[in-house]
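Read the structure below first, then the notes.
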Amino acid sequence: MLAALAAVPILIAVAVRVTERNPGNGRGPAFLDQITHNGLFVAVVGLTVCIPLFLPLTVGVVAGDTIAGEASAGTLRYLLIAPSGRIRLLAVKYVGAAAFSLAATLTVVVAGAIIGVALFPVEPVVLLSGNTIGVGDSLVRSLLIAAYITVSLLGLSAIGLFLSTLTDVPVGAMAATIVLSVVSQVLDNLPQLDWLHPYLFSHYWLSFADLLRDPIAWTSFGDNAVLQGAYFVIFAALAYGRFSGKDILS
Amino acid sequence: MMTSSLLRWTPAFIAVGAVAAAAIGVPLAASASSPLPHKTPSQVIELMASSHVSSLSGTIEQTSDLGLPSLPKVGAGSDSSASSTLELLTGSHTANIYLSGTSDARIQVLDQLAERDVIRHGSDVWIYDSKNHTAQHATITAKQHGLPAKKVPMATPSELATKLLGQLKSTSTITVGADVAVAGHSAYDLILRPKATDTLLGSVSIAVDSTTGLPLRVELNARGQSAPAVSVGFSSVTFAKPAASIFAFTPPSNTKVTQLDKQHAKPKADAMPKTQAKAKPATTVTGKGWDAVVSISKTSADSELTGSPLFAQLTTPVTGGRVFHTSLLNVLITTDGRIIAGSVSIARLQAVAAAS
């Protein structure tokens, strides 16, 4: 799955390089027109493209598989024979899913940076505010964006963990998690529901661009962290409620 | 069995309860503060007039609920100029604003994955658009303070408050409402209500900071609508001097820079019809203040406007033309190409159209 994620920025970079045509201003995904000037933008374009679907998809697969996967493989009861307890198993599984979120995001960033440097010129990066920062600073910003997106996926991971405790069929939990992430994004685009938008876990996903401003707008980083924290607390508690009393049959 | 299942679901109940309490409780706690000393409306207006805030950094939020069909943020046609004007009317916007002295100012309109900037540093004014990679440069005399208002895509609460107060003061009943808290600052709530009864605009409320006298929030309320039709206010503000680096701007290398000549710089049409009345000789104003009606004779923009497919969607046919209706403003575009607008009923617009 990480390889598939890495393929996204590589495909974008190769496609732009091969056609050698500057996709006019404001067309295609944001920042796409910057690539030919500066290879460092490949990572940012890669993330912009991956956030709505590919990243939630892979995180949904991993988080949905956590408990249900063990149950369907018949290994869950062996895991629980050891005196480590169910809470610990849940915690370890969640940390695993969170670590995957980080790895997935970093994969896109690193693959994007490498292919960008290989195919395009590297120059100081122009921020959204019109300021220019050095290559070193821009790498720091890329890592900050990766951190932001990892945090953004923590709520979804917790939802996946909870759904995974409901069923012994991993595919069901994976599909439900991914569908929820799509539903959340669709709701976020319906203007009639604007009172609901700040509470949707996908609401701040694209606000990572606030880290490309000068000065950095940290508000969205904080709001996003609080929101994801709330989703984590609720769904981790629900997962505990469900899993601690569940009859383990396989 | 019962108790054990209760026990294991306890954390879930606590978690849901705690999150709900935080979501509801935090905004409530923010609005509680000690009562301000009583002030009469004229004292509050005086406080506002005497305000001399030269340095601040803050974030302005603008929300609109004009009863218009909201346009989707993405999708075909969303790049046309007609829909971007409408987007400004229907959408919500966030901007950072920085002021330092009279000659350094910057406003950053934070769009999703993009940004628009207007920066003034000394006598240089830069207008930067990250989406189109364009920068415009103009020079300004030291006599003018702050940013050139015509170039700024968003109005600040204080500009809006001064403008509204100036235009509406004589035709309003002015009261001071209960204390409000805006961006953590306690403020007097100056409420203007029209003496006329047939206006769409029901009241204007201006939150005036109790210590500095700076207008922190302006809300336009339409009659029969609980949420403000337009709200422009600070979500955070500090009165410290911002870092000098914020006002420095050099256009990036891949940006197209255009030099704006002062004589040829065309003033952008303002959102307020009353200021248009001043700017264009072909306009006439009937009435004064709240129920003023602006008539614009045949304009060159007519065919472009009426030819747009959005025009047919957004307007409804009435006798004598088509009407564009929002909760704050009715605009009548007559069959002979005149535009008649005002915060009044459609019947009043038709009467004005027939009279002239």
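Protein chains in written order, with my numbering: chain W, 1 to 250; chain Z, 251 to 606.
Cβ atoms here follow ideal geometry from the backbone N, Cα and C, with glycine treated the same way.
- Contacts with chain Z at 8 Å (Cβ-Cβ) do not include W:Arg77.
- Pairing W:Leu196 with Z:Thr313, the inter-Cα distance amounts to about 15 Å.
- The straight-line gap separating the alpha-carbon atoms of W:Leu47 and W:Leu5 is approximately 10 Å.
- Secondary structure note for Z:Arg572: it is in no alpha helix (DSSP H), and the uninterrupted beta strand (DSSP E) holding it is 571-575.
- Contact between Z:Val294 and Z:Val487 does not hold, since their C-beta atoms are separated by about 19 Å, which reaches or exceeds 8 Å.
- At a C-beta separation below 9 Å, W:Thr48 has these neighbours in chain Z: Leu363.
- Counted as a single uninterrupted DSSP element, the stretch harbouring Z:Arg588 is not any alpha helix (DSSP H), since DSSP gives it neither H nor E.
- Close partners of W:Arg213 in chain Z (Cβ separation under 8 Å): Gln358, Leu360, Glu365.
- Assignment of beta-bridge partners to Z:Gln394 by DSSP yields no partner.
- Given a length threshold of 4 residues, each whole run of the alpha helix (DSSP H) inside the stretch 392-478 of chain Z is given here in chain order: 407-418.
- Three or more beta-carbon pairs separated by less than 8 Å are not found between the stretch 54-64 of chain W and the stretch 110-119 of chain W, which leaves the two stretches without contact.
- Against W:Gly39, chain Z offers no close residue; the least beta-carbon distance is about 14 Å (beta-carbon pairs closer than 7 Å).
- Sequence-distant Cβ neighbours of W:Asp210 in its own chain, meaning closer than 6 Å and more than five residues away, are Ala217, Ser220.
- Close to chain Z, meaning a Cβ-Cβ distance shorter than 9 Å, is no residue of the stretch 96-116 of chain W at all.
- Taking a cut-off of 8 Å for Cβ pairs, the stretch 221-240 of chain W and the stretch 256-274 of chain Z touch, as three or more such pairs fall below it.
- When only Cα atoms are considered, W:Ala104 and Z:Ala355 end up about 41 Å apart.
- The beta carbon of Z:Gly372 sits closer than 7 Å to those of Ser353, all from its chain and outside the five residues before and after it, given in chain order.
- With a threshold of 8 Å between beta carbons, Z:Val269 makes contact with chain W.
- Contact with chain Z is absent for W:Val183, since none of that chain's Cβ atoms lies less than 8 Å from the residue's Cβ.
- Taking the Cα positions, W:Ala68 is about 5 Å away from W:Pro170.
- Looking only at W:Pro124, W:Gly112, W:Phe31, W:Leu79, the smallest Cα-Cα distance to W:Ala7 is reached by W:Gly112.
- Around Z:Pro501, the beta-carbon contacts reaching into chain W at under 9 Å are Gly130.
- Only buried fits Z:Glu469, as 16 or more other CB atoms lie within 10 angstroms of its CB.
- Under the Cβ distance rule, W:Ile51 does not count among the residues neighbouring chain Z, no pair being separated by less than 8 Å.
- When rounded, the separation of the alpha-carbon atoms in Z:Phe489 and W:Val122 is 40 Å.
- DSSP places W:His37 outside both helix and strand once states are collapsed to three, so it counts as coil.
- Each of Z:His395, Z:Lys445, Z:Leu286, Z:Ala385 was checked against the Cα of Z:Ala542, and the nearest Cα belongs to Z:Lys445.
- Across the set Z:Val454, Z:Phe484, Z:Pro478, the C-alpha of Z:Phe484 shows the shortest separation from the C-alpha of Z:Leu466.
- Residues of chain Z with a Cβ closer than 8 Å to the Cβ of W:Leu143 do not exist; the shortest Cβ-Cβ separation is about 19 Å.
- Contacts with chain Z at 8 Å (Cβ-Cβ) include W:Ser244.
- If you ignore the 5 residues before and after Z:Val602, its C-beta comes within less than 7 Å of the C-beta of Thr536, Val543, Ser545, Ile590, all in its own chain and listed in chain order.
- Secondary structure of W:Gly60 (DSSP, three-state): helix.
- The beta carbon of W:Val151 is closer than 7 Å to those of Asn224, Ala225, Gln228 in its chain, skipping five residues each way along the sequence.
- Excluding five sequence positions before and after Z:Val368, the CB atoms of its chain that fall closer than 6 Å to its own CB belong to Ile357, Ile377, Leu397, Lys401, Val402, given in chain order.
- About 7 Å separates the beta carbons of Z:Ile310 and Z:Val482, which is inside the 8 Å limit, making them a contact pair.
- Cβ neighbours of Z:Glu365 within its own chain (closer than 7 Å, five residues either side excluded): Gln358, Val359, Ser380.
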